[in-house]
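According to UniProt numbering, the sequence shown is numbered sequentially starting from 1.
The C-beta atom is built at its ideal place from N, Cα and C for all residues, glycine as well.
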Amino acid sequence: MTSSLPATTLDPVDSALQIPITALQAILPTSNGKAISPCSSITEILQLNTKNLPPIASTPFHWPDDGTLFGAASSVIDTPAKSIILRKQPMPTKAEIESLHLRTTKAAQSGKLTFAYPVSQPGDETSIIRLPLWAVSFWILVYSIQEHREVWEAARTWLQNHGFAAFVNELFSELPWQLRLPRAMGDVMDMARFLSDRWLNDVALSQLTELIRGSLGTETKICVEDVYWSNLMIDAYKKRDNGHSISRYVNTVGERLQDGTYTQVLCPVSVHFNAQINSLPVNRNGNHWVALAIDVVKQHPWAQD
């Protein structure tokens with residue numbers, strides 16, 4: 001989303017959509033005065049001056065058609081210093097941004113450089129200024145920063161309240177805020193969601209199954225599956241007498257259990273717990289996670305909280 005390369009060395013589309021490092025450094029400097037990058041630490045994200053983050057518009061924008069919205073006219077932001085105008089101008093809602101981003105990408109592909117942005121004036125009047133296409137990329141970045149700040153603030157509070165306050169500064173100073181984890185484990189923010197007393201979500205469960213799968217290695221008779229597979233299995237079980245075809249994914253695991261490739265299958269299952277009775281949720285909307293293990297050799301299932 002950002003680039004430190006001169007515009008002449010970038011693809012024209014990338015050049016139009018990527019936030020110039022010098023502009024980002026002017027708008028959202030970190031505590032050490034540098035521009036935010038994927039390698040910036042959690043601490044740097046939490047220490048950002050929130051006064052530099054633009055507000056969210058209270059009412060939806062009424063964007064015109066592409067022919068009117070986009071153009072090649074020059075932007076009001078013609079120097080890095082003028083980029084700070086983005087701090088005060090309300091940004092569209094997240095739902096609007098998603099649509100606007102698609103339109104902006106197409107506009108960049110057709111050689112457009114700027115878009116018309118309405119600025120409210122006293123007396124309910126509106127004037128139009130032209131912003132660079134990368135302003136949309138900046139708004140997307142701001143939403144990402146806000147999400148990360150919320151998650152990591154909660155994680156820091158949880159660590160401090162559970163006797164880990166001494167580790168917070170070192171941990172947060174070393175972790176890059178956009179670190180991608182190996183295999184299907186998501187990113188470092190997904191891991192932060194474990195630092196909570198709230199119910200684990202599908203992403204957290206998938207990360208746990210990846211850790212178990214990795215610890216078992218490849219030479220194993222145990223098949224470790226995720227929430228997606230267990231949901232398919234529940235569907236197959238409910239429709240077993242209705243003539244519905246079973247997912248190929250579920251069938252493949254069944255075939256490997258049958259031919260001896262695997263002797264056990266492990267997976268998390270969402271169940272509905274009520275009055276001391278566990279049952280498979282009618283519409284997958286369970287309220288409790290259990291670990292399910294099925295041993296086909298012993299012909300016995302185990303379920304554990």
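*Where does Gly214 sit, in a helix, a strand or coil, going by DSSP?*
Sequence index remark: in the sequence shown, residue 214 carries index 214 (1-based). Helix at Gly214.
*First and last residue of the uninterrupted alpha helix (DSSP H) at Glu44*: For this step, residue 44 is matched to residue 44 along the sequence shown. That run of the alpha helix (DSSP H) goes Ile42 to Leu46.
*asked:* Check for me: the alpha helix (DSSP H) holding Trp134 runs from which residue to which?
replied: On the sequence shown, position 134 is the one that residue 134 refers to. From DSSP, the alpha helix (DSSP H) with Trp134 extends over Trp134 to Asn161.
*For Ile128, which option in Lys298, Val76, Ala107 and Asp197 has the closest C-alpha, if you only look at C-alpha atoms?*
Translated into positions along the sequence shown, residue 128 becomes position 128. It is Val76 whose Cα lies nearest to the Cα of Ile128.
_Element boundaries [beta strand (DSSP E), containing Ile294]_ = Stepping through the sequence shown from its first residue, residue 294 is reached at position 294. That run of the beta strand (DSSP E) goes His288 to Asp295.
*asked:* Between Ser120, Lys88, Glu125 and Trp63, which has its C-alpha nearest Asp99's C-alpha?
replied: What you label residue 99 is simply residue 99 of the sequence shown in a count that begins at 1. Before going further, note that residue 99 is Ser rather than Asp in the sequence given. Residue Trp63 is the option with its Cα nearest to Ser99.
*Whole alpha helix (DSSP H) runs in the region 34–85 with 4 or more residues, listed along the chain?*
42–46 and 66–69
*Is the number of C-beta pairs between the region 171–181 and the region 30–46 that are closer than 8 Å three or more?*
yes
*Return the CA-CA distance between Ala7 and Thr79, expressed in angstroms with no decimal places.*
The residue you call residue 7 lines up with position 7 of the sequence shown. The residue you call residue 79 lines up with position 79 of the sequence shown. Reliability fails at Ala7, whose pLDDT of 43 lies under 50, so the model's placement of it is uncertain and no value is given.
*Ala16 beta carbon less than 8 Å from that of Ile84*: Looking up residue 84 in the sequence shown gives position 84. Looking up residue 16 in the sequence shown gives position 16. Not in contact: Ile84 and Ala16 (Cβ atoms no closer than 8 Å).
_Across the region 256–270 and the region 204–211, are there enough close Cβ pairs to call them in contact, namely three or more that are closer than 8 Å?_
yes
*asked:* Once DSSP output is grouped into helix, strand and coil, what is the label at Asp14?
replied: In the sequence shown, residue 14 corresponds to position 14, counting from 1. Reduced to three states, the DSSP call for Asp14 is helix.
*Beta-carbon separation of Leu28 and Leu48 under 8 Å?*
Locating residue 28 in the sequence shown gives position 28, where the first residue counts as 1. Locating residue 48 in the sequence shown gives position 48, where the first residue counts as 1. Yes, Cβ-Cβ distance for Leu28 and Leu48 is below 8 Å.
*Thinking Ile56 and Pro90 are a contact (beta carbons under 8 Å), I'd like their distance in whole angstroms, please.*
Sequence index remark: in the sequence shown, residue 56 carries index 56 (1-based). Sequence index remark: in the sequence shown, residue 90 carries index 90 (1-based). With 8 Å as the limit, Ile56 and Pro90 qualify as a contact, their Cβ atoms being about 6 Å apart.
*Measure the CB-CB distance between Arg87 and Pro132 and report whether it falls below 8 Å.*
Locating residue 87 in the sequence shown gives position 87, counting from the first residue. Locating residue 132 in the sequence shown gives position 132, counting from the first residue. No; because the gap between Cβ atoms is not below 8 Å, this pair is not in contact.
*Work out the CA separation of His101 and Arg240 for me, nearest whole Å.*
Your numbering for residue 240 matches position 240 in the sequence shown. Your numbering for residue 101 matches position 101 in the sequence shown. Rounded to the nearest angstrom, the two C-alpha atoms are 44 Å apart.
_Runs of alpha helix (DSSP H) lying entirely within the region 223–278, each at least 4 residues, in chain order_ = 227–238 and 248–258
*Rounded separation between Lys82 and Ala35 - CA only*: The sequence position of residue 82 within the sequence shown is 82, counting from 1. The sequence position of residue 35 within the sequence shown is 35, counting from 1. Going from the Cα of Lys82 to the Cα of Ala35 covers about 16 Å.
*Going straight from the alpha carbon of Phe70 to that of Val142, what length do you get?*
Counted from its first residue, the sequence shown places residue 70 at position 70. Counted from its first residue, the sequence shown places residue 142 at position 142. Between Phe70 and Val142, the C-alpha separation is close to 22 Å.
*What number of angstroms, rounded off, separates the C-alpha of Thr218 from the C-alpha of Leu257?*
Here residue 218 refers to the residue found at position 218 when the sequence shown is read from its first residue. Here residue 257 refers to the residue found at position 257 when the sequence shown is read from its first residue. Their backbone Cα atoms lie some 16 Å apart in a straight line.
*Look at Ala236 and Val250 and say whether their C-beta atoms are less than 8 Å apart.*
Here residue 236 refers to the residue found at position 236 when the sequence shown is read from its first residue. Here residue 250 refers to the residue found at position 250 when the sequence shown is read from its first residue. Going by C-beta atoms, Ala236 is nearer than 8 Å to Val250.
_According to DSSP, is Leu131 part of a helix, a strand, or is it coil?_
As a working mapping, residue 131 is identified with position 131 in the sequence shown. If DSSP states are grouped into helix, strand and coil, Leu131 belongs with the strands.
*Could you check how far apart the C-beta atoms of Lys221 and Tyr262 are, in whole angstroms? I think they sit under 8 Å.*
Taking the sequence shown and counting its residues from 1, the one referred to as residue 221 is at position 221. Taking the sequence shown and counting its residues from 1, the one referred to as residue 262 is at position 262. The pair is a contact, with the Cβ atoms about 6 Å apart (cut-off 8 Å).
*Among residues of its own chain, excluding the 5 on either side of Ala135, which ones have a beta-carbon nearer than 7 Å to its beta-carbon?*
Translated into positions along the sequence shown, residue 135 becomes position 135. If we look at Ala135 and ignore the five residues flanking it on each side, its Cβ neighbours are Leu86.
*asked:* Could you tell me the alpha carbon to alpha carbon distance between Thr105 and Pro92, rounded to whole angstroms?
replied: Counted from its first residue, the sequence shown places residue 105 at position 105. Counted from its first residue, the sequence shown places residue 92 at position 92. Going by the C-alpha atoms only, they are around 17 Å apart.
_Cβ shell of Cys39 (< 7 Å), same chain only, five flanking positions each side left out_ = Numbered from its first residue, the sequence shown carries residue 39 at position 39. Within the same chain, Cys39 has close Cβ partners Pro176.
*How many whole angstroms separate the CB atoms of Leu179 and Asp187, which I take to be in contact at a CB cut-off of 8 Å?*
Working through the sequence shown from its first residue, we reach residue 179 at position 179. Working through the sequence shown from its first residue, we reach residue 187 at position 187. Rounded, the Cβ-Cβ distance is 6 Å, consistent with contact.
_Can you give me the C-alpha to C-alpha distance between Phe167 and Val151, rounded to a whole angstrom?_
Taking the sequence shown and counting its residues from 1, one reaches residue 167 at position 167. Taking the sequence shown and counting its residues from 1, one reaches residue 151 at position 151. Each residue's Cα considered, the two are about 17 Å apart.
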